[in-house]
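Colleague: Take a look at this one; I'll ask things after.
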Amino acid sequence: MNIDITKSIYDKMVAQQFVMSIMGSFNQGLLLSLLNITDKKLSSLEIDTTIKKKIFHFMIECAQNLSRIEQNDAFTGDNIFLIGKSNNEYTVHLGSVMKNSERDNIHELLSIVNKLETEEVKAKFYSELVTKELANQNSLLMSLLDISKKTKEKINCEWVQIDEENTFLSFKTTISNLKFTDGIYN
Amino acid sequence: MESTINIYDIYKTMSDNKIILIYQGLFDQVMIKSVIAMTEKKLIQENIEEGLRRKLFNVMVEGLQNICKHQVVAGENLQNPFLMIGKEDSSYNVVTGNFIRNEKIQVVKEKIDFINTLNKEELKEHYKTARLNSVISDVGGAGLGFIDMVRKSGNKLEYKFYESGVHFSFFILHSKISNN
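First to last, the sequence lines map onto chains A and B. Going by numbering that gives the first Met the number 0, the first sequence opens with residue 0, and the numbers climb by one from there. Going by numbering that gives the first Met the number 0, the second sequence opens with residue 0, and the numbers climb by one from there.
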């Protein structure tokens with residue numbers, strides 16, 4: 000890697016308004032450090048605690064999703080986590096390469112979750128929790144429901160087919176840093 | 000305004016260039032501690048042999064301390080410093096980048112160029128002399144950072160200054176850490 004390549008990567012980061020980025024397999028240890036560093040970074044940016052909590056929930060759920068997929072042997076590469084900033088909004092991205100065979104299953108679960116309204120998401124989450132034993136729960140579905148429940152948004156997901164075997168899947172959420180006081184966002 | 004990030008493009012860039020970590024932002028002691036802890040986990044995960052890991056760590060700490068002491072606080076047109084760790088065959092690259100005032104460029108250049116001319120023994124001697132004669136600067140450095148980086152990495156430092164306006168340049172420092 001020569002210096003000019005490094006500079007061009009840095010320029011790309013600046014152009015796309017990166018706050019931070021890391022690539023790797025997100026096991027518990029690394030995730031803990033990642034949360035720790037994100038916490039410090041977000042504190043230095045004076046982000047509201049509620050927003051910070053939202054970012055953390057999103058990170059944890061997505062990272063757990065990706066590590067579940069990893070355990071399924073469908074995982075073929077590293078995960079990437081990055082936070083970008085645009086005006087008063089933070090965009091959190093988590094992405095991973097996986098086998099194309101996983102795509103249909105995830106796509107189906109995503110469309111189930113994204114069809115639901117906020118209250119329905121909650122209801123579905125708790126009904127799955129109450130009516131099914133842990134072993135019979137679809138952990139990926141539960142996780143997607145949890146993301147949707149905590150971010151109060153439809154899950155934003157992008158697919159890029161890399162080749163005949165692999166697809167790149169990424170989750171994204173946009174969180175505004177506006178502070179909520181007296182019923183008004185300031 | 001919608002975020003302009005194309006995550007797959009970034010993933011591909013990082014993957015193609017075998018970058019395992021990028022951090023961009025202001026560096027203070029607390030942040031350095033977190034970056035180090037995260038890097039340590041990342042390196043253990045990569046199954047890097049302990050000796051190489053220790054070398055990489057030492058160089059990274061020196062690089063981070065350099066940034067911490069000499070970073071120019073980002074103004075309207077200045078971006079934050081960064082740390083990048085990349086893999087290249089059996090070696091690792093620690094790359095740091097930060098803005099520097101143009102009047103400091105010459106001194107930094109001379110220091111690195113001189114250190115790069117020294118062999119292992121000369122470097123050891125120079126380190127001893129520099130340590131004995133060192134004066135702690137107003138930012139808390141004793142001028143030993145570059146010497147330490149070359150000693151610990153076993154390789155010469157590469158660097159480049161990119162002009163950025165009348166007063167500042169962007170300084171990229173590249174240190175290669177190999178297993179020999």
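Here a beta-carbon is modelled for each residue, glycine too, at the ideal position from N, C-alpha and C. Every value quoted in this text rests on a predicted model; they were computed, and no experiment measured them.
Examine chain B for any beta-carbon lying closer than 7 Å to the beta-carbon of A:K153, and answer yes or no.
Modeller: Residue mapping note: residue 153 of chain A aligns to position 154 of the first sequence, counting from 1. With 7 Å as the cut-off, A:K153 does not count as an interface residue toward chain B.
Colleague: Look up A:M97 in the DSSP assignment and say whether it is helix, strand or coil.
Modeller: The residue you call residue 97 of chain A lines up with position 98 of the first sequence. DSSP places A:M97 in strand when its eight states are reduced to three.
Colleague: I'd like to know whether the C-beta atoms of B:A36 and A:S20 end up nearer to each other than 7 Å.
Modeller: In the second sequence, counting from the first residue as 1, residue 36 of chain B sits at position 37. In the first sequence, counting from the first residue as 1, residue 20 of chain A sits at position 21. The answer is no: Cβ separation not under 7 Å.
Colleague: Measuring straight from C-alpha to C-alpha, what distance separates B:G144 and A:M12?
Modeller: Locating residue 144 of chain B in the second sequence gives position 145, counting from the first residue. Locating residue 12 of chain A in the first sequence gives position 13, counting from the first residue. Roughly 27 Å separates the two Cα atoms.
Colleague: Measuring only between beta-carbons, confirm whether B:I21 sits less than 7 Å from chain A.
Modeller: As a working note, residue 21 of chain B is residue 22 in the second sequence. B:I21 counts as touching chain A.
Colleague: Quick one: residues in its chain with C-beta nearer than 7 Å to the C-beta of B:K41, no 5 flanking neighbours on either side, listed in chain order?
Modeller: On the second sequence, residue 41 of chain B is found 42 positions in, with the first residue counted as 1. Excluding sequence neighbours, B:K41 sits near I19 and L20.
Colleague: To the nearest angstrom, how far is it from the Cα of B:V138 to the Cα of B:N92?
Modeller: The residue labelled residue 138 of chain B in the question sits at position 139 within the second sequence. The residue labelled residue 92 of chain B in the question sits at position 93 within the second sequence. Low confidence applies to B:V138: its pLDDT is 47, below 50, so where it sits in the model is not reliable, and the reading given next is rough at best. Approximately 26 Å, taken between the alpha carbons.
Colleague: DSSP state of A:D103, grouped into three classes?
Modeller: Sequence index remark: in the first sequence, residue 103 of chain A carries index 104 (1-based). Of the three classes helix, strand and coil, the one that applies to A:D103 here is helix, per DSSP.
Colleague: For the alpha helix (DSSP H) that contains B:A163, what are its first and last residues?
Modeller: Position 164 of the second sequence, counting from 1, holds the residue named residue 163 of chain B. Per the sequence presented here, residue 163 of chain B reads as Ser, with Ala not at that position. That residue, B:S163, is in no alpha helix (DSSP H); its beta strand (DSSP E) goes L156 to S163.
Colleague: Ends of the beta strand (DSSP E) at B:S174?
Modeller: Numbered from its first residue, the second sequence carries residue 174 of chain B at position 175. Start and end: F167 to I176.
Colleague: Is B:Q70 helix, strand or coil by DSSP?
Modeller: Here residue 70 of chain B corresponds to residue number 71 of the second sequence, with the count starting at 1. Coil, per DSSP.
Colleague: In the DSSP output, which residue or residues are listed as bridge partners for A:M22?
Modeller: For the purposes of this step, residue 22 of chain A is identified with residue 23 of the first sequence, where counting begins at 1. The partner list for A:M22 (beta bridge, DSSP) reads A:I79.
Colleague: For the region 53 to 124 of chain B, list the beta strand (DSSP E) runs that are entirely contained and at least 3 residues long, ordered along the chain.
Modeller: Qualifying beta strand (DSSP E) stretches, in chain order: 81 to 87 and 90 to 100.
Colleague: Which residues in chain A have a C-beta closer than 7 Å to the C-beta of B:V149? List them in chain order.
Modeller: For the purposes of this step, residue 149 of chain B is taken as residue 150 along the second sequence, with counting starting at 1. Chain A residues near B:V149: none, gap ~17 Å exceeds 7 Å.
Colleague: Secondary structure at B:E48, three-state DSSP: helix, strand or coil?
Modeller: Against the second sequence, residue 48 of chain B aligns to sequence position 49. Reduced to three states, the DSSP call for B:E48 is coil.
Colleague: Since B:N5 and B:S89 should fall inside the 8 Å C-beta cutoff, what is the C-beta to C-beta distance between them, to a whole number of angstroms?
Modeller: Residue mapping note: residue 5 of chain B aligns to position 6 of the second sequence, counting from 1. Residue mapping note: residue 89 of chain B aligns to position 90 of the second sequence, counting from 1. 32 Å between Cβ atoms; not a contact.
Colleague: List the DSSP bridge partners of A:V159.
Modeller: Here residue 159 of chain A corresponds to residue number 160 of the first sequence, with the count starting at 1. BP columns for A:V159 point to A:F167.
Colleague: Indicate whether at least one CB of chain A lies closer than 7 Å to the CB of B:H166.
Modeller: As a working note, residue 166 of chain B is residue 167 in the second sequence. It does not; no Cβ of chain A falls within 7 Å.
Colleague: Counting only beta-carbon atoms, is B:S174 nearer than 7 Å to chain A?
Modeller: To locate residue 174 of chain B, count along the second sequence from 1; it is residue 175. By this cut-off, B:S174 is not an interface position.
Colleague: In terms of residues, what are the limits of the beta strand (DSSP E) holding A:I46?
Modeller: In the first sequence, the residue the question calls residue 46 of chain A occupies position 47. Looking at the DSSP string, A:I46 is not in any beta strand (DSSP E), and its letter there is neither H nor E.
Colleague: Would the beta-carbon of A:S110 fall within 7 Å of that of A:L168?
Modeller: To locate residue 110 of chain A, count along the first sequence from 1; it is residue 111. To locate residue 168 of chain A, count along the first sequence from 1; it is residue 169. Contact flag unset, no.
Colleague: On a Cα-Cα basis, can you pick out the residue from B:K110, B:K151, B:I104 and B:R130 that is closest to B:F170?
Modeller: By one-based count along the second sequence, residue 170 of chain B stands at place 171. Of B:K110, B:K151, B:I104 and B:R130, the residue nearest in Cα terms is B:I104.
Colleague: Any C-beta of chain A sitting closer than 7 Å to the C-beta of B:M59?
Modeller: The residue given as residue 59 of chain B occupies position 60 in the second sequence. False, the Cβ-Cβ gap to chain A never drops below 7 Å.
Colleague: Taking Cβ-Cβ distances shorter than 8 Å, what residues in chain A pair up with B:E87?
Modeller: For the purposes of this step, residue 87 of chain B is taken as residue 88 along the second sequence, with counting starting at 1. Residues of chain A passing the Cβ test: M0.
Colleague: Taking the straight line between their C-alpha atoms, what separation do you get for B:L51 and B:I176?
Modeller: Looking up residue 51 of chain B in the second sequence gives position 52. Looking up residue 176 of chain B in the second sequence gives position 177. B:L51 and B:I176: Cα-Cα distance of roughly 7 Å.
Colleague: Could you say if the region 146 to 159 of chain A and the region 106 to 120 of chain A meet the contact criterion of at least three C-beta pairs nearer than 8 Å?
Modeller: They touch, by the three-pair rule.
Colleague: Using 7 Å as the threshold, is the C-beta distance between A:S142 and A:E60 below it?
Modeller: Taking the first sequence and counting its residues from 1, one reaches residue 142 of chain A at position 143. Taking the first sequence and counting its residues from 1, one reaches residue 60 of chain A at position 61. In this structure, A:E60 lies closer than 7 Å to A:S142 by Cβ.
Colleague: Please list the terminal residues of the continuous beta strand (DSSP E) segment that includes B:L20.
Modeller: What you label residue 20 of chain B is simply residue 21 of the second sequence in a count that begins at 1. Unbroken beta strand (DSSP E) run through B:L20: I18 to Q23.
Colleague: Can you list, in chain order, the residues of the region 28 to 45 of chain A whose Cβ is nearer than 7 Å to any Cβ on chain B?
Modeller: If the cut-off is 7 Å between Cβ atoms, the region 28 to 45 of chain A has G28, L29, S32, L33, N35, I36, K39, K40 and S43 near chain B.
Colleague: Does the beta-carbon distance from B:Q182 to A:F17 come in below 7 Å?
Modeller: With chain B represented from 0 up to 179, any question about residue 182 of chain B goes unanswered, as that position is not in the structure.
Colleague: How many angstroms separate the CA atom of A:T90 from the CA atom of A:M58?
Modeller: By one-based count along the first sequence, residue 90 of chain A stands at place 91. By one-based count along the first sequence, residue 58 of chain A stands at place 59. Rounded to the nearest angstrom, the two C-alpha atoms are 11 Å apart.
Colleague: For A:L81 and A:K52, I'd like the C-alpha separation in whole angstroms.
Modeller: By one-based count along the first sequence, residue 81 of chain A stands at place 82. By one-based count along the first sequence, residue 52 of chain A stands at place 53. Each residue's alpha carbon lies about 16 Å from the other.
Colleague: Check whether the region 78 to 89 of chain B touches the region 113 to 133 of chain B, counting contact only when three or more Cβ pairs, one atom from each stretch, lie closer than 8 Å.
Modeller: Segments in contact, no.
Colleague: Verify the CB distance criterion: does A:M19 have a CB-CB separation below 7 Å to chain B?
Modeller: Along the first sequence, one-based indexing puts residue 19 of chain A at 20. Chain B, which has a Cβ nearer than 7 Å to the Cβ of A:M19, makes this yes.
Colleague: Quick one: what's got a C-beta closer than 6 Å to B:E61's C-beta in the same chain, skipping five residues either side?
Modeller: Within the second sequence, residue 61 of chain B is the residue found at index 62, counting from 1. G144, D147 and M148.
Colleague: Distance, Cα to Cα, B:F160 vs A:K98?
Modeller: Against the second sequence, residue 160 of chain B aligns to sequence position 161. Against the first sequence, residue 98 of chain A aligns to sequence position 99. One C-alpha to the other measures close to 42 Å.
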